[in-house]
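Colleague: Following our numbering, the numbering of the sequence shown begins with 6 at its first residue and continues without gaps.
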Amino acid sequence: MKLAFLIADGMGDYPLKELDGRTPLEVANTPNMDKLAKTGKIGLCRTIPEGMEPGSDIANMAILGFDPSVYHTGRGPIEAAALKAPVDENDIIFRMNLVTVSEFSENGIMIDYSAAHITDKEAKKIISSLKENLEDEAWKIIPGFQYRHLLIRKNGKNTSLENTKINPPHDILDQSIRNDFFQYKNNEPLFDIILRANKILKENFPESKANCIWPWGQGKKLELPDFFKTYGLKGAVISAVDLIKGLGYASNMEVIDIEGATGLVDTNYNGKAEAAIEFLKQKDFVFVHLEGPDECGHAGDIKSKIKAIERFDKYIVGPICNFLESKKGACLICCDHLTPVYKRTHVSDPVPILFINFNASSNKTGQKFSEMNAKKSDLFIEKGEDLIKWILEQIK
Ligand SMILES: [Zn+2]
Numbered sequence: 006m007k008l009a010f011l012i013a014d015g016m017g018d019y020p021l022k023e024l025d026g027r028t029p030l031e032v033a034n035t036p037n038m039d040k041l042a043k044t045g046k047i048g049l050c051r052t053i054p055e056g057m058e059p060g061s062d063i064a065n066m067a068i069l070g071f072d073p074s075v076y077h078t079g080r081g082p083i084e085a086a087a088l089k090a091p092v093d094e095n096d097i098i099f100r101m102n103l104v105t106v107s108e109f110s111e112n113g114i115m116i117d118y119s120a121a122h123i124t125d126k127e128a129k130k131i132i133s134s135l136k137e138n139l140e141d142e143a144w145k146i147i148p149g150f151q152y153r154h155l156l157i158r159k160n161g162k163n164t165s166l167e168n169t170k171i172n173p174p175h176d177i178l179d180q181s182i183r184n185d186f187f188q189y190k191n192n193e194p195l196f197d198i199i200l201r202a203n204k205i206l207k208e209n210f211p212e213s214k215a216n217c218i219w220p221w222g223q224g225k226k227l228e229l230p231d232f233f234k235t236y237g238l239k240g241a242v243i244s245a246v247d248l249i250k251g252l253g254y255a256s257n258m259e260v261i262d263i264e265g266a267t268g269l270v271d272t273n274y275n276g277k278a279e280a281a282i283e284f285l286k287q288k289d290f291v292f293v294h295l296e297g298p299d300e301c302g303h304a305g306d307i308k309s310k311i312k313a314i315e316r317f318d319k320y321i322v323g324p325i326c327n328f329l330e331s332k333k334g335a336c337l338i339c340c341d342h343l344t345p346v347y348k349r350t351h352v353s354d355p356v357p358i359l360f361i362n363f364n365a366s367s368n369k370t371g372q373k374f375s376e377m378n379a380k381k382s383d384l385f386i387e388k389g390e391d392l393i394k395w396i397l398e399q400i401k
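1) With 16 as the cutoff for other CB atoms within 10 Å, does threonine 124 come out buried or exposed?
2) Below 8 Å on the Cβ atoms is my guess for alanine 128 versus glutamine 151; work out the distance and round it to an integer in Å.
3) Quick one: using the 10 Å Cβ neighbour count with 16 as the cut-off for buried, is glycine 161 buried or exposed?
4) Compare the beta carbon distance of methionine 57 and aspartate 318 with 8 Å and say whether it is the shorter of the two.
5) May I ask whether a heavy atom of ligand 1 can be found less than 7 Å away from the beta carbon of glycine 240?
6) What's the gap between the Cα of proline 29 and the Cα of glycine 17?
7) Please list, in chain order, all residues of the same chain as leucine 41 whose beta carbon is under 8 Å from its beta carbon, the five residues on each side excluded.
8) Is any non-hydrogen atom of ligand 3 found closer than 7 Å to the C-beta of threonine 344, if you look at the structure I gave you?
9) Is the Cβ-Cβ distance between glutamate 23 and isoleucine 282 less than 8 Å?
10) Could you check whether serine 244 and leucine 69 sit closer than 8 Å to each other, using their CB atoms as the reference points?
11) Verify the contact flag: serine 309, CB atom, against every heavy atom of ligand 1, threshold strictly below 7 Å.
12) When you compare the CB positions of arginine 51 and glycine 389, do they come within less than 8 Å of one another, or not?
13) Quick one: what does DSSP say leucine 95 is sitting in, helix, strand or coil?
14) Just to confirm my understanding: we take arginine 80, look at its own chain, exclude 5 residues before and 5 after, and list those with CB closer than 6 Å. What are they?
15) Quickly, what does DSSP pair serine 181 with across the bridge? List them, please.
16) Assuming asparagine 192 and leucine 156 form a contact by the criterion Cβ under 8 Å, report the distance between their Cβ atoms to the nearest whole angstrom.
17) For the alpha helix (DSSP H) that glycine 251 lies in, which residues bound it at each end?
18) Could you tell me if aspartate 117 is buried or exposed, where buried requires 16 or more neighbouring beta carbons within 10 angstroms of its beta carbon?
19) How long is the line joining the alpha carbons of lysine 312 and leucine 295, rounded to whole angstroms?
20) Hey, would you say aspartate 354 sits closer than 8 Å to glycine 15, going by beta carbons?
21) What does the Cβ neighbour count give for tyrosine 347, buried or exposed, with the cut at 16 atoms within 10 Å?
22) Does phenylalanine 196 come out as helix, strand or coil in the three-state DSSP assignment?
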């Protein structure tokens with residue numbers, strides 16, 4: 006069996022008055038998806054379980070067939086898996102941003118979640134200084150990239166640290182950090198290490214935009230079932246994004262790195278499609294994730310979002326589906342969650358899905374793949390982790 010999941014992060018949207026009541030997906034020129042939709046099955050799938058945050062980590066875990074309400078422990082642990090960081094079962098792993106705040110106090114404002122997109126070079130110096138001065142029996146710092154790093158509390162499991170709820174810094178841009186400040190303050194060891202880190206930043210790096218560390222998204226080590234043992238498919242993930250790589254490593258899939266894959270609109274599309282096809286020539290399943298539409302959703306940029314969807318159609322969907330058609334394989338096209346441009350953040354609505362089985366006689370629906378047609382369909386998959394099971398039923 007040859008099966009591909011093609012995920013356009015944040016592609017789904019709401020009707021926009023700027024587009025005469027249509028969505029970016031409806032407006033985009035997508036000849037490949039249009040052709041596939043005519044013979045495929047359109048429907049909806051709930052990728053974010055009730056009560057969970059609409060994050061890409063949760064949604065993509067569900068699409069890979071693992072119930073987030075069982076396996077999701079936090080953003081930090083997934084990124085630790087991506088970095089192959091040495092973590093123990095009793096550790097609590099935080100994602101740690103280098104950020105810019107107006108001041109780290111109850112009156113502070115979150116100015117920048119990325120410390121003005123700090124360069125790798127500058128971040129490396131800062132992180133190694135923090136490591137040198139702060140690491141001890143209890144705390145470890147794992148360097149990542151740019152503003153994204155990890156902070157680990159050894160033996161932090163079953164302490165109040167596990168339940169502390171800190172906002173992701175990108176969700177509180179230009180907003181007060183008051184609530185988070187008090188959350189930190191209620192956890193003395195955590196508060197203490199932030200104060201000490203901020204002092205080092207101030208004294209050793211007075212010119213840097215990074216004036217505060219921001220630990221969030223914590224949890225215990227990510228443990229996923231083996232993808233092959235669970236679904237019988239030899240699989241790989243292809244993405245520029247750490248959290249997708251983390252899901253791949255944790256479920257024992259192959260993780261294919263593509264040179265020039267940036268996660269932005271100008272990512273190396275051809276590289277991703279070529280690698281997916283090469284992998285499928287040998288094995289069964291490939292999960293291709295494209296970040297572009299989500300970035301445009303966050304930027305509130307309708308034009309770019311349409312363009313990102315068109316590129317997804319042309320450079321990812323087209324070549325991979327041509328190959329799958331020649332092999333009588335199957336393909337799922339969807340997004341992990343909606344990132345509506347006018348909200349500029351994720352929402353937890355069910356996502357539109359398009360499934361094509363090239364090995365079955367087609368029932369021509371003549372429909373276009375759109376949010377509206379997905380809603381009208383009688384296909385609704387209530388639990389994201391059941392999507393892959395439904396697909397495997399279809400292609401049996
Ligand atoms: Zn996003």
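We put the CB at the ideal spot given by N, CA and C, even for glycine.
Modeller: In short:
1) Residue mapping note: residue 124 aligns to position 119 of the sequence shown, counting from 1. Exposed: under 16 other Cβ atoms inside 10 Å.
2) Sequence index remark: in the sequence shown, residue 128 carries index 123 (1-based). Sequence index remark: in the sequence shown, residue 151 carries index 146 (1-based). 6 Å between Cβ atoms; contact.
3) Stepping through the sequence shown from its first residue, residue 161 is reached at position 156. Glycine 161 comes out buried.
4) In the sequence shown, the residue the question calls residue 57 occupies position 52. In the sequence shown, the residue the question calls residue 318 occupies position 313. Judged by their CB atoms, methionine 57 and aspartate 318 are not nearer to each other than the 8 Å cut-off.
5) Stepping through the sequence shown from its first residue, residue 240 is reached at position 235. No; taking the cut-off as 7 Å, the Cβ of glycine 240 has no heavy atom of ligand 1 nearer than that.
6) Sequence index remark: in the sequence shown, residue 29 carries index 24 (1-based). Sequence index remark: in the sequence shown, residue 17 carries index 12 (1-based). Distance between the alpha carbons of proline 29 and glycine 17: 8 Å.
7) The residue given as residue 41 occupies position 36 in the sequence shown. Here the set comprises Val322, Cys326, Cys336, Ile338, Leu359, Ile361 and Phe374.
8) In the structure on display, ligand 3 does not appear, and the ligands it does have are ligand 1.
9) Counting from one through the sequence shown, the residue named residue 23 turns up at place 18. Counting from one through the sequence shown, the residue named residue 282 turns up at place 277. No.
10) For the purposes of this step, residue 69 is identified with residue 64 of the sequence shown, where counting begins at 1. For the purposes of this step, residue 244 is identified with residue 239 of the sequence shown, where counting begins at 1. In terms of Cβ geometry, leucine 69 and serine 244 do not form a close pair [threshold 8 Å].
11) Taking the sequence shown and counting its residues from 1, one reaches residue 309 at position 304. Distance from the C-beta of serine 309 to the nearest heavy atom of ligand 1 is not below 7 Å.
12) Residue 51 sits at position 46 when you count from the first residue of the sequence shown. Residue 389 sits at position 384 when you count from the first residue of the sequence shown. Contact flag set, yes.
13) To locate residue 95, count along the sequence shown from 1; it is residue 90. Contrary to the premise, residue 95 reads as asparagine rather than leucine in this sequence. Assigned with DSSP and collapsed to three states, asparagine 95 falls in coil, not helix or strand.
14) The residue labelled residue 80 in the question sits at position 75 within the sequence shown. Correct list, in chain order: Asp62, Arg100 and Gly222.
15) One-based indexing of the sequence shown puts residue 181 at position 176. In the DSSP output, where bridge partners are listed per residue, serine 181 has Ile114.
16) Here the question's residue 192 lines up with position 187 in the sequence shown. Here the question's residue 156 lines up with position 151 in the sequence shown. In fact, because the Cβ distance is near 12 Å, the residues do not count as touching under 8 Å.
17) The residue labelled residue 251 in the question sits at position 246 within the sequence shown. Per DSSP, glycine 251 belongs to the alpha helix (DSSP H) from 247-255.
18) The residue you call residue 117 lines up with position 112 of the sequence shown. By the 16-neighbour rule on beta-carbons within 10 angstroms, aspartate 117 is buried.
19) Here residue 312 refers to the residue found at position 307 of the sequence shown. Here residue 295 refers to the residue found at position 290 of the sequence shown. Near 13 Å, if we compare the C-alpha coordinates of leucine 295 and lysine 312.
20) Numbered from 1 along the sequence shown, position 349 holds the residue referred to as residue 354. Numbered from 1 along the sequence shown, position 10 holds the residue referred to as residue 15. For aspartate 354 and glycine 15, no; Cβs fall outside 8 Å.
21) Along the sequence shown, read from residue 1 onward, the residue named residue 347 stands at position 342. Under this definition tyrosine 347 is an exposed residue.
22) What you label residue 196 is simply residue 191 of the sequence shown in a count that begins at 1. Helix at phenylalanine 196.
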